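Undergrad: Protein chains in written order, with our numbering: chain B, 1 to 244; chain U, 1 to 244.
Sharing a structure, written as structure tokens. Questions coming.
2 protein chains.
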Amino acid sequence: MPDDSLQITPQPVRRQVEERLRDAIITSRFMPGEHLSDRKLCDLFGVSRGVIREAVRLLEAEGLIVVVPNRGPFVAYLSAAEATQVYEVRSVLEALAGQGFAERASTEEIAELRAVFEEIAATPPGADRMVLLGLKRRFYDVLLRGCRNTYVARMLDQLLNRNSQLRATTLSDPSRLPHTVAEIRRIVEAVERRDREGTWQACREHVMQAAQVALRILNEHAAAAASRPAPPPRPATVPRRRSR
Amino acid sequence: MPDDSLQITPQPVRRQVEERLRDAIITSRFMPGEHLSDRKLCDLFGVSRGVIREAVRLLEAEGLIVVVPNRGPFVAYLSAAEATQVYEVRSVLEALAGQGFAERASTEEIAELRAVFEEIAATPPGADRMVLLGLKRRFYDVLLRGCRNTYVARMLDQLLNRNSQLRATTLSDPSRLPHTVAEIRRIVEAVERRDREGTWQACREHVMQAAQVALRILNEHAAAAASRPAPPPRPATVPRRRSR
DNA sequence: TCTCCATTATTGACAGACAATCATACAGCT
DNA sequence: AGCTGTATGATTGTCTGTCAATAATGGAGA
Numbered sequence: 001m002p003d004d005s006l007q008i009t010p011q012p013v014r015r016q017v018e019e020r021l022r023d024a025i026i027t028s029r030f031m032p033g034e035h036l037s038d039r040k041l042c043d044l045f046g047v048s049r050g051v052i053r054e055a056v057r058l059l060e061a062e063g064l065i066v067v068v069p070n071r072g073p074f075v076a077y078l079s080a081a082e083a084t085q086v087y088e089v090r091s092v093l094e095a096l097a098g099q100g101f102a103e104r105a106s107t108e109e110i111a112e113l114r115a116v117f118e119e120i121a122a123t124p125p126g127a128d129r130m131v132l133l134g135l136k137r138r139f140y141d142v143l144l145r146g147c148r149n150t151y152v153a154r155m156l157d158q159l160l161n162r163n164s165q166l167r168a169t170t171l172s173d174p175s176r177l178p179h180t181v182a183e184i185r186r187i188v189e190a191v192e193r194r195d196r197e198g199t200w201q202a203c204r205e206h207v208m209q210a211a212q213v214a215l216r217i218l219n220e221h222a223a224a225a226a227s228r229p230a231p232p233p234r235p236a237t238v239p240r241r242r243s244r
Numbered sequence: 001m002p003d004d005s006l007q008i009t010p011q012p013v014r015r016q017v018e019e020r021l022r023d024a025i026i027t028s029r030f031m032p033g034e035h036l037s038d039r040k041l042c043d044l045f046g047v048s049r050g051v052i053r054e055a056v057r058l059l060e061a062e063g064l065i066v067v068v069p070n071r072g073p074f075v076a077y078l079s080a081a082e083a084t085q086v087y088e089v090r091s092v093l094e095a096l097a098g099q100g101f102a103e104r105a106s107t108e109e110i111a112e113l114r115a116v117f118e119e120i121a122a123t124p125p126g127a128d129r130m131v132l133l134g135l136k137r138r139f140y141d142v143l144l145r146g147c148r149n150t151y152v153a154r155m156l157d158q159l160l161n162r163n164s165q166l167r168a169t170t171l172s173d174p175s176r177l178p179h180t181v182a183e184i185r186r187i188v189e190a191v192e193r194r195d196r197e198g199t200w201q202a203c204r205e206h207v208m209q210a211a212q213v214a215l216r217i218l219n220e221h222a223a224a225a226a227s228r229p230a231p232p233p234r235p236a237t238v239p240r241r242r243s244r
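And the structure:
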């Protein structure tokens, strides 16, 4: 099999818009619920309407954008109920990815995974949330590449993007950091033993712990919002209906 | 909670094109590897290029279409290796969906699931493959609706579409039908007992059995193709690279 | 037969236009 | 005041035409 690591593929303008827009959403440059009108995006990216519309369609399918007919695209909003569902799916997909990694990753990839883990473990508690999120992202990049399953990689990637905002807040919780490190250590150690079942369990446990923290935070926010006089407007939350 | 079953949402032309194109692909009206040029699709659907391009972008994100730069969209092709991966993911997602159904579906939904199962069980062995696929599709529709998890529903839906062609051939295997029915019966019965673990196992088992049959068929085809002088051209299999 | 080049078709991207629809504000009525 | 209806303005959905860049095709020539 030829090495295609040096292969370059031409990147149409559309792809760049897709990537930047995706990035802008998952880094919260656009807030959930925000209206992304054609005009605005055209001006922002300096491209024509057609390109914007195509990019929006792709991000719509990825679930990052919700399009309401005759009103246009909005940044998707994740309710507490939906977050629960996301974590439920993540737990099994991540477990599957971990198991695949334990089975099929090369020794180099395992070493790489440990290296990223050590970086996470060495992070001071007061670090910027985006730094931590970036490290965790790299951890997942290694994991998803080494699990040798394109489909689990794609879907987990989408899920991680989908609730990246929530993840940023849970990761940044200083009291949570040592627990996170311990959980990830369990994953890495299980992988190093090539322990299928152990990795599965460790991954599952990790996500479920994260889910608990996330939902606690979400409920606190909800409570705080309820005590405030005017609840956030939350414009047009998912009026779209999946067909089929 | 207000009943939104009467809600009507306007369907832009684009949505119709998306649906029809998706349907045409999963029912094999377009063969894998086939080139779907703008012109052709414009003529077929009688709409402008912009609409076509947007629809293609959406189906690209769903994995049904692969777009190679400067050559346009092709119907995605599923290699044996990829099929293995799809079944691996399906097994856990379907298990999760089943578990969610066993926990959270209403008694009406459980009855509905059994009703569809009875239809499947009553199918004569010589039935058309598309009839069976349609029934199975309905089974999944009920399951995915009742599991109360939008995300697992979306992802499993995509996976089922992705390998619908393969599923049609495995389902149509007459020697396989009784086994299929038995496996699905196990699922339904576990659900009726509200047995989380049992449903999980039954679903997992069902997919793994299906995977075995599918891979056997794929290998037979591959062997047959290899014995033939000219192997099928299989133009441009997944040259696209996922970013990030 | 093979190689190289010119022609042609197709994609990627842009701009302009138009009807349909939605949001808003304002006037009028009870 | 509170509600209803309408006029205005902005935005979306869609079509058309245009143009450069790239890939596929086919033929000329060695």
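Note that the Cβ used here is the ideal one computed from N, Cα and C, for glycine as well.
Note that this is a predicted model, so its numbers are computed, not measured.
Go ahead and pull the three-state DSSP assignment for residue 39 (chain U).
TA: Residue state, collapsed to three classes: helix.
Undergrad: Compile a chain-ordered list of the residues in the region 38-58 of chain U whose CB is closer than 7 Å to at least one CB of chain B.
TA: Residues passing the 7 Å Cβ filter: 50, 53, 54, 57, 58.
Undergrad: With 9 Å as the threshold, decide whether the Cβ of residue 21 (chain U) is near any Cβ in chain B.
TA: By this cut-off, residue 21 (chain U) is not an interface position.
Undergrad: Can you check DSSP and say which residues form a bridge with residue 73 (chain U)?
TA: DSSP output for residue 73 (chain U) lists U:67 as bridge partner(s).
Undergrad: Closer than 8 Å by C-beta to residue 136 (chain B): which residues in its own chain qualify, once you throw out the five before and the five after it? Chain order, please.
TA: 120, 167, 171.
Undergrad: How about residue 101 (chain U) and residue 180 (chain U): are their beta carbons less than 9 Å apart?
TA: No, these two residues do not count as a Cβ contact at 9 Å.
Undergrad: Could you check where the alpha helix (DSSP H) with residue 154 (chain U) kicks off and where it finishes?
TA: Counting along the chain, the alpha helix (DSSP H) containing residue 154 (chain U) begins and ends at 150-162.
Undergrad: Within the same chain, show all residues whose beta-carbon is closer than 8 Å to that of residue 156 (chain B), passing over the 5 residues directly before and after it, in chain order.
TA: Contacts found: 90, 93, 94, 97, 140, 144.
Undergrad: For the alpha helix (DSSP H) holding residue 99 (chain B), just list the boundary residues, first then last.
TA: 80-104 is the extent of the alpha helix (DSSP H) around residue 99 (chain B).
Undergrad: Return the residue from the list B:210, B:18, B:61 that minimises the CA-CA distance to residue 169 (chain B).
TA: Residue B:210 is the option with its Cα nearest to residue 169 (chain B).
Undergrad: Which two residues bound the contiguous alpha helix (DSSP H) that contains residue 180 (chain B)?
TA: Residue 180 (chain B) -> alpha helix (DSSP H) spans 177-192.
Undergrad: What residues in the region 85-99 of chain B bring their beta carbon closer than 8 Å to a beta carbon of chain U?
TA: Taking 8 Å as the Cβ-Cβ cut-off against chain U, the residues of the region 85-99 of chain B that qualify are 85, 86, 88, 89, 92, 93, 95, 96.
Undergrad: If the cut-off is 9 Å on Cβ atoms, which residues from the region 131-160 of chain B count as contacting chain U, listed in chain order?
TA: Per Cβ criterion, the list reads 137, 141, 148, 149, 150, 151, 152, 153, 154, 155, 157, 158, 159.
Undergrad: List the residues of chain B that residue 108 (chain U) touches, going by C-beta distances under 7 Å, in chain order.
TA: The premise fails here: residue 108 (chain U) is roughly 21 Å from chain B at the closest Cβ pair, so nothing lies under 7 Å.
Undergrad: Could you give the C-beta distance for residue 103 (chain B) and residue 196 (chain B), rounded to a whole number, given that I count them as a contact under 8 Å?
TA: Rounded, the Cβ-Cβ distance is 6 Å, consistent with contact.
Undergrad: Report the CB separation of residue 64 (chain U) from residue 81 (chain U) in whole angstroms; it is logged as a contact under 8 Å.
TA: Not confirmed; about 18 Å, so no contact.
Undergrad: Does any CB atom of chain B fall closer than 9 Å to the CB of residue 201 (chain U)?
TA: So, not an interface residue.
Undergrad: Any beta-carbon of chain B closer than 9 Å to the one on residue 72 (chain U)?
TA: Judged by the 9 Å Cβ criterion, residue 72 (chain U) is not in contact with chain B.
Undergrad: With a threshold of 9 Å between beta carbons, is residue 63 (chain B) in contact with chain U?
TA: At least one chain U Cβ lies under 9 Å of residue 63 (chain B).
Undergrad: With three or more C-beta pairs closer than 8 Å as the rule, is the region 43-63 of chain U touching the region 124-133 of chain U?
TA: The region 124-133 of chain U vs the region 43-63 of chain U: no contact.
Undergrad: Do the CB positions of residue 148 (chain U) and residue 116 (chain U) come within less than 9 Å of each other?
TA: Result no, Cβ atoms of residue 148 (chain U) and residue 116 (chain U) do not sit closer than 9 Å.
Undergrad: Distance check for residue 186 (chain U) and residue 29 (chain B), CA to CA, integer angstroms please.
TA: Straight-line Cα distance between these residues: approximately 48 Å.
Undergrad: Tell me the rounded alpha-carbon separation between residue 73 (chain U) and residue 11 (chain B).
TA: C-alpha separation (whole angstroms): 15 Å.
Undergrad: Buried or exposed: where does residue 7 (chain U) fall if 16 or more other Cβ atoms within 10 Å of its Cβ makes it buried?
TA: Exposed: under 16 other Cβ atoms inside 10 Å.
Undergrad: Buried or exposed for residue 219 (chain B), please, with buried defined as at least 16 other CB atoms from any protein chain shown within 10 angstroms of its CB.
TA: Looking at its Cβ environment, which holds fewer than 16 other Cβ atoms inside 10 Å, residue 219 (chain B) is exposed.
Undergrad: Between the beta-carbon of residue 134 (chain B) and the beta-carbon of residue 106 (chain B), is there less than 9 Å?
TA: No, the pair does not count as a contact, with Cβ atoms beyond the cut-off.
Undergrad: Could you tell me if residue 188 (chain U) is buried or exposed, where buried requires 16 or more neighbouring beta carbons within 10 angstroms of its beta carbon?
TA: Buried, by the Cβ-count rule.
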